[in-house]
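Mapping the sequence shown onto the working numbering, position 200 (from 1) lands on 433, and the numbers just tick up by one.
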Amino acid sequence: AGAREQIGAVSVVVPGTVNVEEGTVVKAPNVPCLDGFRLTEALTRALNRPAILENDANAAAVGEMWQGAGRGHHSIVCVTLGTGLGGGIVLDGKLWRGADGSAAEIGHMCVDPFGGVACGCGSRGCLEVYASATAIVRMTREARPRHPESVLRTGESMTSEDVYRAGLKGDELALEVFRRMGVYLGIGLANLINILNPEMIVIGGGVVNAWELFEKHMHQQVAERAFPLPAANVKIVPAQCGDDAGLIGAAWLAINR
């Protein structure tokens, strides 16, 4: 049989809000041409195969549960630290999408209600503006006046990776930024632990490469703010599937459709 005959289903993940039942992309801010598009219907018609649609962060959470850091666990929260901050929730082995598919917008949990930084969502003080690659660059620029000796004191094209490399070399500005990021992330995780009581929180995305620079500060906030029993039982670990988490999750969703 040809390759096409061996395809049992097509699974697609999209960075945005999706209606899984209808197979429609509700809103994809980074791919606006898909807004309102009945994607699974188009794929099924074109390929003559069943099609599955899911949010990319949800798929990544399922991927980590199936083949990554969450193997053997049935209640996990996946937090993705990239340009923004995404999330996915698996409870009792089932993906939790919420009442209308909008669950797990972890990046838009408010962690600084008084004078917080403006977020692209229209609110202020969201976790995403303190714990993401974009946040790292902004906080570094803001902290420059306090650290005239830093290697990061100048330069317009700075990236979060530049800040990470400086932190590994002991740069005080970089270390301050990752301490601050870890504190805010820990506050957010403590909220998730108190509300959801997961077995595990898996942290992925490019920023997780700087794990050693923010881990201590993150764990300290969790210990101080989460209820003692769930805080003691939950495992907070780096993701293992890397950029393939969403693809692996998409495969799981197709197999278990």
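Every residue, glycine too, gets a C-beta built ideally from N, C-alpha and C.
Owing to the predicted nature of the structure, the values given are computational and were not obtained by experimental measurement.
Where does residue i land, buried or exposed, given buried means 16+ other C-beta within 10 angstroms?
{"i": "P431", "result": "buried"}
{"i": "A284", "result": "buried"}
{"i": "V258", "result": "buried"}
{"i": "L408", "result": "buried"}
{"i": "C266", "result": "exposed"}
{"i": "V264", "result": "exposed"}
{"i": "A234", "result": "For A234, the predicted model reports a pLDDT of 44, less than 50, meaning its position is unreliable; a value from the coordinates is still stated below. It counts as exposed."}
{"i": "S390", "result": "exposed"}
{"i": "I420", "result": "buried"}
{"i": "I240", "result": "exposed"}
{"i": "A464", "result": "buried"}
{"i": "C418", "result": "According to the sequence shown, residue 418 is Leu rather than Cys. L418 should be labelled buried."}
{"i": "D289", "result": "buried"}
{"i": "S335", "result": "exposed"}
{"i": "L385", "result": "buried"}
{"i": "F460", "result": "exposed"}
{"i": "E297", "result": "buried"}
{"i": "L406", "result": "buried"}
{"i": "G438", "result": "buried"}
{"i": "L462", "result": "exposed"}
{"i": "G249", "result": "buried"}
When DSSP builds the beta bridges, which residues end up paired with residue i?
{"i": "N579", "result": "The requested residue 579 does not occur in the structure, where the chain is confined to residues 234 to 490."}
{"i": "I481", "result": "DSSP, once it has assigned bridges, lists no residue as partnering I481."}
{"i": "M433", "result": "I309 and K468"}
Below 8 Å on the Cβ atoms is my contact criterion, and I expect residue i with residue j to pass it. Report the Cβ-Cβ distance as a whole number of Å.
{"i": "H452", "j": "I434", "result": "That belief does not hold up - the Cβ atoms of H452 and I434 are roughly 11 Å apart, past 8 Å."}
{"i": "A364", "j": "L314", "result": "6 Å"}
{"i": "G400", "j": "A443", "result": "7 Å"}
{"i": "V312", "j": "I428", "result": "Actually they do not touch by this definition, with Cβ atoms about 14 Å apart."}
{"i": "D325", "j": "S308", "result": "6 Å"}
{"i": "Y343", "j": "G358", "result": "Per the sequence shown, residue 343 should be read as Cys rather than Tyr. Correct: roughly 5 Å between the Cβ atoms."}
{"i": "N281", "j": "R330", "result": "Their Cβ separation, rounded to whole angstroms, is 27 Å, which puts N281 and R330 out of contact at 8 Å."}
{"i": "V416", "j": "T392", "result": "About 22 Å; that fails the 8 Å criterion."}
{"i": "G317", "j": "T373", "result": "That pair is no contact at about 17 Å."}
{"i": "V441", "j": "P471", "result": "5 Å"}
Checking 9 Å against the spacing of the C-beta atoms, do residue i and residue j come in under that value?
{"i": "Q458", "j": "N424", "result": "Note that residue 458 is Arg in the sequence shown here, rather than Gln. For R458 and N424, yes; Cβs fall inside 9 Å."}
{"i": "T277", "j": "V245", "result": "no"}
{"i": "V253", "j": "L286", "result": "yes"}
{"i": "A261", "j": "V247", "result": "yes"}
{"i": "H450", "j": "R412", "result": "yes"}
{"i": "G305", "j": "G319", "result": "no"}
{"i": "G321", "j": "A293", "result": "yes"}
{"i": "Q209", "j": "L422", "result": "Absent from the model: residue 209. The displayed extent of the chain is 234 to 490, so no value can be given."}
{"i": "G388", "j": "D395", "result": "yes"}
Legend entry - Sufficient close CB pairs (3 or more, under 8 Å) joining the region 471-480 to the region 293-309: yes
Legend entry - Contact the region 358-376 vs the region 336-350: 3+ CB pairs below 8 Å: yes
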